[in-house]
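Enquirer: Numbering (the working numbering), first residue to last: 12 to 190.
Virtual Cβ for every residue (Gly too), placed ideally from N, Cα, C.
Just so it is clear, the structure is predicted and the values come from calculations on it, not from any experiment.
Take this structure, written in structure tokens, and hold onto it; I'll ask about it next.
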């Protein structure tokens with residue numbers, strides 16, 4: 012049973028009864044503590060999603076705590092989290108990568124939660140399309156992964172790598188010999 016003195020927010024009607032939930036709040040220190048042992052972007056995203064489900068004002072959270080979570084998460088992603096050599100790759104991405112690893116003269120790179128393919132891709136463009144890759148004409152590269160919305164300011168590949176981290180998984184570039 013919920014006590015009367017608890018803050019009454021987000022009423023839900025069930026069988027003609029009104030049930031109230033206690034507002035969920037977190038301090039800056041408690042949010043930072045949740046991200047303390049994070050070593051990678053995917054792990055940070057999972058923690059963020061878990062906390063967002065608790066702190067969002069629409070589900071009983073506090074607006075200030077939710078804004079604080081967003082600020083801390085964005086700071087971590089932009090400045091403090093990078094991929095390590097022992098990265099854990101999402102199962103779906105792992106399957107996609109395994110289907111293209113055998114192609115020659117291409118470079119496969121994991122940038123954030125996207126797979127980027129460059130190099131001699133003309134011969135395999137139909138296979139890449141079939142697998143769900145899309146062509147990024149300005150970058151002259153193929154990418155696989157969900158793009159959420161359109162970014163009004165196009166970012167260079169270097170800016171994207173700087174923000175999300177980058178790991179070259181395969182590089183089969185032909186070496187030129189000066190002569």
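Check for me: the beta strand (DSSP E) holding residue 130 runs from which residue to which?
Expert: Here the question's residue 130 lines up with position 119 in the chain shown. That run of the beta strand (DSSP E) goes 125 to 130.
Enquirer: In terms of alpha-carbon separation, which member of 147, 121, 142, 135 lies closest to residue 173?
Expert: To locate residue 173, count along the chain shown from 1; it is residue 162. Nearest option by C-alpha distance: 121.
Enquirer: Residues in its own chain within less than 8 Å of residue 63 by CB, not counting five upstream and five downstream?
Expert: Residue numbering aside, residue 63 sits at position 52 when the chain shown is read from its first letter. Counting only Cβ-Cβ distances below 8 Å, and skipping sequence neighbours, we find 77, 80.
Enquirer: Quick one: what's got a C-beta closer than 7 Å to residue 114's C-beta in the same chain, skipping five residues either side?
Expert: Locating residue 114 in the chain shown gives position 103, counting from the first residue. Its chain contains 135 as the residues whose beta carbon lies nearer than 7 Å to that of residue 114, once the 5 sequence neighbours on both sides are disregarded; these appear in chain order.
Enquirer: According to DSSP, is residue 152 part of a helix, a strand, or is it coil?
Expert: Looking up residue 152 in the chain shown gives position 141. Correct three-state label for residue 152: strand.
Enquirer: For residue 125, which option in 112, 49, 170, 175 has the closest C-alpha, if you only look at C-alpha atoms?
Expert: As a working note, residue 125 is residue 114 in the chain shown. Of the listed residues, the one whose Cα sits closest to residue 125 is 175.
Enquirer: Assuming residue 87 contacts residue 154 (C-beta within less than 8 Å), just tell me the rounded distance between them.
Expert: By 1-based counting over the chain shown, the position of residue 87 is 76. By 1-based counting over the chain shown, the position of residue 154 is 143. Wrong, their Cβ atoms sit about 23 Å apart, outside the cutoff.
Enquirer: Indicate whether residue 108 and residue 117 have their beta-carbon atoms separated by less than 8 Å.
Expert: Here residue 108 refers to the residue found at position 97 when the chain shown is read from its first residue. Here residue 117 refers to the residue found at position 106 when the chain shown is read from its first residue. It is not a contact, given that the beta carbons lie outside the stated cut-off.
Enquirer: With H, G and I counted as helix, E and B as strand and the rest as coil, what does DSSP make of residue 61?
Expert: Working through the chain shown from its first residue, we reach residue 61 at position 50. Three-state DSSP puts residue 61 in a helix.
Enquirer: Give every residue of the same chain whose Cβ lies closer than 8 Å to the Cβ of residue 170, excluding the five residues on either side of it in the sequence, and list them in chain order.
Expert: Mapped onto the chain shown, residue 170 falls at position 159. So the list is empty, once near-sequence residues are dropped.
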